[in-house]
Amino acid sequence: MLGNIVARCRAGVSAAALAAMLPLAGTAALANDKLGELSKSDDNWVMPGKNYDSDNYSKLKQITAENVKNLKVSWQFSTGLLNGHEGAPLVVDGKMYVHTSFPNNTFALGLDDPGRILWQDKPKQNPAARSVACCDLVNRGLAYWPGDGKTPPLILKTLLDGHVAALNAQTGETVWKIENSDIRVGSTLTIAPYVVKDKVIIGSSGAELGVRGYLTAYDVRTGEQKWRAYATGPDSDLLLAKDFNIHNAHYGQKGLGTSTWEGDAWKIGGGTNWGWYAYDPGTNMIYFGTGNPAPWNETMRPGDNKWTMTIFGRDVDTGEAKFGYQKTPHDEWDYAGVNVMMLSTQKDQSGKERKLLTHPDRNGIVYTLDRTNGDLVSAHKIDDTVNVFKTVDLKSGLPVRDPEYGTRMDHLAKDICPSAMGYHNQGHDSYDPERKLFYMGINHICMDWEPFMLPYRAGQFFVGATLNMYPGPKGDRQNAEGLGQIKAYDAISGKFKWEKMERFAVWGGTLATAGNLVFYGTLDGFIKARNSDTGELLWKAKLPSGAIGYPITYSHKGTQYVAIYYGVGGWPGVGLVFDLQDPTAGLGAVGAFKKLANYTQMGGGVTVFSLDGKGPYDDPNTGEYATAN
């Protein structure tokens with residue numbers, strides 16, 4: 002049964018032992034404090050985004066703009082899988098935890114001798130998940146729970162077939178496993194779990210198959226469901242607080258999860274959330290975005306379709322939504338709004354210091370909200386070539402559409418910018434609090450859109466549009482290149498300090514460091530470093546395959562390392578991964594990235610760099626076989 006615990010503890014754990022694992026008063030807070038402290042250490046990377054601000058920023062500065070040219074490979078690890086490798090590994094207390102695409106294997110490596118696998122988990126799961134997964138078989142990462150004296154430290158992972166598993170971080174043994182999603186209706190899991198207090202937060206995937214999106218909190222010790230909040234439907238399902246949107250009533254308040262849909266269309270209405278989260282202990286809220294409504298064909302679902310395409314702030318203890326801001330009412334272009342949420346404290350244009358949330362959206366707008374109440378502070382175009390919207394009205398929060406680029410049935414829309422991939426997609430970006438700049442990996446892709454009608458069938462794709470994609474106006478459309486950008490953005494002024502073009506979309510995201518550096522990977526198989534202040538390209542190295550994940554950095558025994566997954570795939574790589582030729586295949590990705598196979602091929606793993614390649618194997622005796630005598 003969906004959401005029930007199917008294997009709460011590994012074989013041999015008694016009911017009495019399970020009861021002993023139940024939380025004591027205060028242990029949740031203590032464990033959460035420990036996770037927060039671990040995230041502050043330069044030796045660790047314990048959660049997606051580095052910390053609860055999700056800013057992907059490191060204070061490490063052994064590697065600087067002056068010496069980055071001396072970075073060399075320290076060591077590598079192959080996962081043995083070919084599909085796309087999104088997200089990033091975790092580093093905790095001298096160990097690196099590596100995850101993979103389907104079948105979602107996990108490896109624990111000791112940083113003193115990473116050539117030896119400490120443990121590995123290779124789960125058995127329903128192979129039918131492969132056929133209902135949208136846009137490759139990716140997974141965006143792991144979560145870590147530090148333990149509390151009763152429960153051992155855990156590695157949390159999602160499986161494509163809809164399960165969530167907790168592994169003993171020391172041994173790899175399964176502690177519990179639950180079912181979160183039902184692949185029979187097309188609901189899969191690609192999201193990285195997110196741990197806050199005594200809960201692990203899990204999203205959902207499958208809007209392209211008409212899945213109704215939801216967010217679920219489970220007890221991190223046992224897998225017991227604590228709350229579930231849907232994106233569409235009755236207020237009771239949405240878990241709307243009594244004072245929901247009290248500070249911004251014009252965003253909409255009660256009853257809209259059904260009234261903004263025709264009939265019961267909300268039941269198959271999308272709004273899944275497979276992206277990233279942030280958390281503020283001060284507000285006790287988690288922040289995330291919901292995805293596109295289903296189907297893509299807007300004619301089939303009149304209304305604003307709330308609360309898809311929404312930035313939510315939810316109380317982590319109860320799941321209650323304190324505010325919800327819908328960025329794209331009645332989405333017409335698949336601008337799934339699940340992108341990264343980055344938290345900062347800055348002075349607004351009036352000089353008032355505010356707790357902010359910044360979110361670069363698929364729809365081509367970068368939004369900054371006051372995360373305490375949902376006030377819209379700013380909304381700027383990611384690029385001046387965005388044409389679906391003329392602007393965003395800050396008073397109402399509504400985008401001002403250009404009807405020429407709508408996708409109604411009686412209108413063949415051409416040169417829509419951005420494409421369904423958005424000018425920003427799943428990449429996890431970074432924020433430098435010293436420079437007060439956001440570093441964003443951008444897609445520069447436009448499209449033609451031809452809608453068609455189709456019936457809903459459970460477990461089958463429910464899209465209703467044919468897409469052709471190609472480079473944006475600043476790219477080389479004739480040669481299918483110039484599909485990406487990298488930018489430094491000031492959320493208060495709305496200005497870009499610098500921007501650079503890339504051959505392909507910068508899909509995976511960025512890492513900012515105190516060494517005046519911005520790192521990122523490219524689809525054509527490079528990791529690059531640019532000067533944070535100027536954007537000057539200072540260093541790059543070739544990876545075995547294209548990168549769709551984001552870099553991390555950590556220190557071990559006095560040496561700073563930079564690590565990144567290689568493994569081309571994801572939505573931009575579906576043509577290469579599945580050997581597709583029709584330019585409209587892969588929901589339009591095949592045509593956009595038809596040159597990608599000229600630059601890279603499949604193959605997954607992690608590459609780790611350091612200055613002059615310093616690392617564990619500088620001593621050739623590290624890891625050598627020693628006889629019993």
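Quick note on the working numbering: the sequence shown kicks off at 2 and runs consecutively. Quick reminder that beta carbons are idealized off the backbone N, C-alpha and C, glycines included.
Tell me the rounded alpha-carbon separation between ALA26 and ASP199.
Counted from its first residue, the sequence shown places residue 26 at position 25. Counted from its first residue, the sequence shown places residue 199 at position 198. Low confidence applies to ALA26: its pLDDT is 41, below 50, so where it sits in the model is not reliable, and the reading given next is rough at best. Going from the Cα of ALA26 to the Cα of ASP199 covers about 11 Å.
Report yes or no: do the region 511-522 and the region 544-553 share at least 3 C-beta pairs separated by less than 8 Å?
yes
Which residue wins for smallest C-alpha separation from VAL569, given the options ASN599, HIS381, TRP540?
Residue 569 sits at position 568 when you count from the first residue of the sequence shown. Comparing Cα positions, the closest option is ASN599.
For LEU612, which residues from the same chain have a beta carbon less than 8 Å from its beta carbon, with the 5 sequence-adjacent residues on both sides left out?
Your numbering for residue 612 matches position 611 in the sequence shown. Excluding sequence neighbours, LEU612 sits near GLN63, ILE64, ASN68, ASN71, LEU72, LYS73, THR560, GLN561.
Which residues does DSSP list as the beta-bridge partners of ASP638?
Summary: the structure shown does not reach residue 638, with the chain confined to residues 2 through 630, and so no result is reported for it.
Run through DSSP, which three-state label would PRO584 get?
Here the question's residue 584 lines up with position 583 in the sequence shown. Correct three-state label for PRO584: coil.
LEU538 classed as buried or exposed, judged by whether at least 16 other C-beta atoms fall within 10 angstroms
By 1-based counting over the sequence shown, the position of residue 538 is 537. Exposed is the call here.
Considering just the uninterrupted stretch of the alpha helix (DSSP H) at ASP236, what are its terminal residues?
By 1-based counting over the sequence shown, the position of residue 236 is 235. Per DSSP, the unbroken alpha helix (DSSP H) holding ASP236 starts and ends at 236-239.
Quick one: residues in its chain with C-beta nearer than 7 Å to the C-beta of LYS307, no 5 flanking neighbours on either side, listed in chain order?
Position 306 of the sequence shown, counted from the first residue, corresponds to residue 307. So the list reads GLY253, LEU257, GLY258, THR261, GLN327, once near-sequence residues are dropped.
Cα-Cα separation between HIS445 and ALA337, rounded to whole angstroms
In the sequence shown, counting from the first residue as 1, residue 445 sits at position 444. In the sequence shown, counting from the first residue as 1, residue 337 sits at position 336. HIS445 and ALA337: Cα-Cα distance of roughly 16 Å.
Where are the beta strand (DSSP E) runs, 3 residues long or more, that stay fully inside the region 90-133, in chain order?
91-93, 96-100, 107-111, 118-122
Given ASN106, which residues of its chain have a CB within under 6 Å of its CB, disregarding the five upstream and five downstream residues?
Position 105 of the sequence shown, counted from the first residue, corresponds to residue 106. Result list for ASN106: LYS123, in chain order.
May I ask you to verify whether the region 418-434 touches the region 383-395, counting CB pairs closer than 8 Å and requiring at least 3?
yes
Quick one: complete alpha helix (DSSP H) runs, 4+ long, within the region 331-390?
none
For PRO330, is the classification buried or exposed, using 16 other Cβ atoms within 10 angstroms of its Cβ as the cut-off for buried?
Taking the sequence shown and counting its residues from 1, the one referred to as residue 330 is at position 329. Taking all protein chains in view, the Cβ of PRO330 is crowded by 16 or more other Cβ atoms within 10 Å, so the residue is classified as buried.
Check this for me: beta carbons of LEU143 and LEU157, under 8 Å apart or not?
For this step, residue 143 is matched to residue 142 along the sequence shown. For this step, residue 157 is matched to residue 156 along the sequence shown. With contacts defined by Cβ atoms closer than 8 Å, LEU143 and LEU157 form a contacting pair.
Taking the continuous alpha helix (DSSP H) assigned at PHE462, which residues delimit it?
For the purposes of this step, residue 462 is identified with residue 461 of the sequence shown, where counting begins at 1. Element bounds for PHE462: n/a, residue is neither H nor E.
Beta-bridge partners of SER79, as assigned by DSSP
Residue mapping note: residue 79 aligns to position 78 of the sequence shown, counting from 1. Paired residue(s): GLY606.
Of the choices HIS412, ARG315, HIS425, TRP508, whose alpha-carbon is the least far from that of ILE366?
One-based indexing of the sequence shown puts residue 366 at position 365. If we check each option's Cα against that of ILE366, HIS425 comes out closest.
Closer than 8 Å by C-beta to ASP620: which residues in its own chain qualify, once you throw out the five before and the five after it? Chain order, please.
As a position in the sequence shown, residue 620 is number 619, starting the count at 1. Closer than 8 Å at Cβ, skipping near neighbours: no residue.
Cβ-based neighbour list, GLU263, same chain, cut-off 8 Å, excluding 5 preceding and 5 following:
In the sequence shown, the residue the question calls residue 263 occupies position 262. Cβ within range, chain order: ARG302, PRO303, GLY304.
Straight-line CA distance for THR191 to PRO456?
Here residue 191 refers to the residue found at position 190 when the sequence shown is read from its first residue. Here residue 456 refers to the residue found at position 455 when the sequence shown is read from its first residue. Roughly 26 Å between the two C-alpha positions.
ALA459 classed as buried or exposed, judged by whether at least 16 other C-beta atoms fall within 10 angstroms
By 1-based counting over the sequence shown, the position of residue 459 is 458. By the neighbour-count rule (16 or more Cβ atoms within 10 Å), ALA459 is not buried but exposed.
DSSP state of TRP267, grouped into three classes?
For the purposes of this step, residue 267 is taken as residue 266 along the sequence shown, with counting starting at 1. Three-state DSSP puts TRP267 in a helix.
For a test of the three-state rule: what should DSSP assign to THR300, helix, strand or coil?
Sequence index remark: in the sequence shown, residue 300 carries index 299 (1-based). DSSP places THR300 in helix when its eight states are reduced to three.
Nearest to TYR230 (by Cα), restricted to the options TRP177, LYS498, PHE313, LEU39
Position 229 of the sequence shown holds residue 230. According to the sequence displayed, residue 230 carries Ala and not Tyr. The shortest C-alpha separation from ALA230 is found at PHE313.
Best match in ASN480, ILE493, PRO472 for proximity to GLY589 [C-alpha to C-alpha]:
Position 588 of the sequence shown, counting from 1, holds the residue named residue 589. The residue from ASN480, ILE493, PRO472 with its alpha-carbon nearest to that of GLY589 is PRO472.
Using DSSP bridges, identify the partner residues of ASP449.
Position 448 of the sequence shown, counting from 1, holds the residue named residue 449. Per DSSP, the beta bridge partners of ASP449 are ASN469.
Quick one: any contact between the region 347-364 and the region 447-455, if contact means 3 or more CB pairs under 8 Å?
no
With 16 other CB atoms within 10 Å as the buried threshold, where does ASN246 fall?
Locating residue 246 in the sequence shown gives position 245, where the first residue counts as 1. ASN246 comes out buried.
Are the CB atoms of LEU357 and VAL339 within a distance shorter than 8 Å?
On the sequence shown, residue 339 is found 338 positions in, with the first residue counted as 1. On the sequence shown, residue 357 is found 356 positions in, with the first residue counted as 1. The answer is no: Cβ separation not under 8 Å.
Could you check which residue in LEU110, GLN427, ASP113, THR101 has the C-alpha nearest to that of GLY606?
Position 605 of the sequence shown, counted from the start, is the residue given in the question as residue 606. Among LEU110, GLN427, ASP113, THR101, the Cα nearest to that of GLY606 belongs to THR101.
So, THR189 versus ALA279, is the Cβ gap smaller than 8 Å?
If you number the sequence shown from 1, residue 189 lands on position 188. If you number the sequence shown from 1, residue 279 lands on position 278. No, the pair does not count as a contact, with Cβ atoms beyond the cut-off.
Reduced DSSP secondary structure (H/G/I, E/B, other) of LYS437:
Here residue 437 is taken as the residue at index 436 of the sequence shown, counted from 1. Looking at LYS437 - three-state DSSP - the assignment turns out to be coil, as it is neither helix nor strand.
Checking 8 Å against the spacing of the C-beta atoms, do TYR566 and ALA89 come in under that value?
Locating residue 566 in the sequence shown gives position 565, counting from the first residue. Locating residue 89 in the sequence shown gives position 88, counting from the first residue. Yes.
Answer with buried or exposed for THR467, where buried requires no fewer than 16 other C-beta atoms within 10 angstroms of its C-beta.
Within the sequence shown, residue 467 is the residue found at index 466, counting from 1. By the 10 Å Cβ count, THR467 comes out exposed.
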